[in-house]
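Here is the structure we will look at.
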Amino acid sequence: MPEQSCPECGASLFYDTSTKRYACKGCGLYVTKDELVNIRDKLHSNMDESRKKRAQQSEYLEWWLSSKK
Ligand SMILES: [Zn+2]
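If you want it as structure tokens, here you go:
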């Protein structure tokens, strides 16, 4: 299994074979593999959402700037 990094803080995750969970020494995250995937998915969709918002804002800004002329 490739080395995983923490989705919250980017530190290396340690796999605990006895509990089958990943532990982060950086922020204390302690999750199963499924939970890790869920967190990654959520972070990814949040990023898409903020990118969309930024695009809308810049469209508005362009409109606003052009209306000032
Ligand atoms: Zn962490």
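Numbering (the numbering used here), first residue to last: 164 to 232. Glycine residues also receive a C-beta, built at the ideal position from the N, C-alpha and C atoms.
- Residues Glu171 and Cys172 of the same chain have their beta carbon placed closer than 6 Å to that of cysteine 190, with the five preceding and five following residues left out of the count.
- Judged by DSSP secondary structure, leucine 199 falls within the alpha helix (DSSP H) whose first and last residues are 196-230.
- For glutamate 171, the shortest C-beta to heavy atom distance toward ligand 1 is below 6 Å.
- Of the other Cβ atoms in all chains shown, fewer than 16 fall within 10 Å of the Cβ of tyrosine 223; this residue is therefore exposed.
- Pairing leucine 206 with leucine 228, the inter-Cα distance amounts to about 33 Å.
- Distance from the Cα of aspartate 197 is smallest, within the candidate group Cys187, Glu225 and Lys183, for Lys183.
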